[in-house]
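Numbering (numbering that gives the first Met the number 0), first residue to last: 0 to 197.
A virtual CB, placed ideally from N, CA and C, is assigned to each residue, including glycine.
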Amino acid sequence: MFAPAHQNVLPFDGEVHLYPNFYEEEGSLDIFEQLKHSILWKQDKMKIYGKMVNFARLTSWYADGDQEYTYSGVVNTPIPFTPLLRQIKEAAEQQCGKQFNSALLNYYRHGGDSMGWHSDDEKELADNPVIASASFGATRTFQFKHKQQKNAKVSIALNNGSLLIMQGATQHNWLHQVPKTTKQPGPRINITFRDIKY
């Protein structure tokens, strides 16, 4: 599905476009259920202040090829793309005119699951990476804050069937997160497609 260009949601120093209804609503709920049951989810851990703690979400790593990918100290061995994942990936590729060879999946089971402030700036990514983020399931808030100008913040809602494309200097200048919420929004699955340089 090709969606028309949208206004940049960042005020400066980056380029982020949101397509709220990129995937059809009814089909998106079916996609969520298929991903929930077919993806090989795992509970990763990371070291914080000398202690190993669980990630506040479940994750999975799919990719073409057999190269490992490391982020947050976790080494990920790729799983081959499923037909459904490849279909979602190809739609995102058509939208942004970029080829992707890998996908990080996050399963937010409830409002207590989250992802803290970070940039997608690992050495395996290009200097100005294009990252396409597809969301299925419950709506969650997605936030940006500028690395230097701390008062520059942006919050958007990522709803079921939405596609978010981050590109340009976004990862150099902005952090992003999915914060915890005391509400119970229901489960959500997010797929971030990227092009890893092996």
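Quiz item: With a CB to CB cut of under 6 Å and the five nearest residues on each side skipped, what residues in its chain are close to Lys122?
Solution: Start at 1 with the first residue of the sequence shown, and residue 122 comes out as number 123. The answer is none, since no qualifying residue turns up.
Quiz item: Would you say Ala151 and Phe54 are within 9 Å of each other, going by their C-beta atoms?
Solution: Counting from one through the sequence shown, the residue named residue 151 turns up at place 152. Counting from one through the sequence shown, the residue named residue 54 turns up at place 55. No; because the gap between Cβ atoms is not below 9 Å, this pair is not in contact.
Practice problem: Count the other C-beta atoms from every protein chain shown that fall within 10 angstroms of the C-beta of Gln183, then say buried if there are 16 or more, exposed otherwise. | Solution: On the sequence shown, residue 183 is found 184 positions in, with the first residue counted as 1. So Gln183 ends up on the exposed side.
Quiz item: For Ser134, which of helix, strand or coil comes out of DSSP?
Solution: For this step, residue 134 is matched to residue 135 along the sequence shown. Ser134 falls in the strand class under three-state DSSP.
Quiz prompt | CB of Ile190 within 9 Å of CB of Phe135, strictly | solution = Position 191 of the sequence shown, counted from the first residue, corresponds to residue 190. Position 136 of the sequence shown, counted from the first residue, corresponds to residue 135. Yes, they are a contact pair.
Quiz item: Across which residues does DSSP place Lys146 in a beta bridge pair?
Solution: One-based indexing of the sequence shown puts residue 146 at position 147. In the DSSP output, where bridge partners are listed per residue, Lys146 has none listed.
Quiz item: In chain order, what residues of the same chain lie with their CB nearer than 7 Å to the CB of Arg139, ignoring the 5 residues before and after it?
Solution: Within the sequence shown, the letter at position 140 stands for residue 139. Once the five neighbours on either side are set aside, the close Cβ partners of Arg139 are Tyr107, Leu157, Val177, Pro184, Arg187.
Practice problem: Let me know the secondary structure DSSP gives Asn172 once reduced to three states. | Solution: Working through the sequence shown from its first residue, we reach residue 172 at position 173. The three-state secondary structure of Asn172, taken from DSSP, is helix.
Quiz item: Grouping DSSP H, G and I as helix and E and B as strand, with all else coil, what is Gly115?
Solution: As a working note, residue 115 is residue 116 in the sequence shown. Reduced to three states, the DSSP call for Gly115 is strand.
Quiz item: Hey, is Ile164 close to the ligand NAP, as in C-beta under 8 Å from one of its heavy atoms?
Solution: Among the components modelled here there is no ligand, and therefore nothing to report on the ligand NAP.
Quiz item: Can you name, in chain order, every residue of its own chain whose Cβ lies under 7 Å from the Cβ of Phe1, other than the five neighbours on each side?
Solution: To locate residue 1, count along the sequence shown from 1; it is residue 2. Legend: pLDDT at Phe1 = 45, less than 50; position of this residue unreliable, value from coordinates given subsequently. Only Gln93, Gln94 meet the Cβ criterion.
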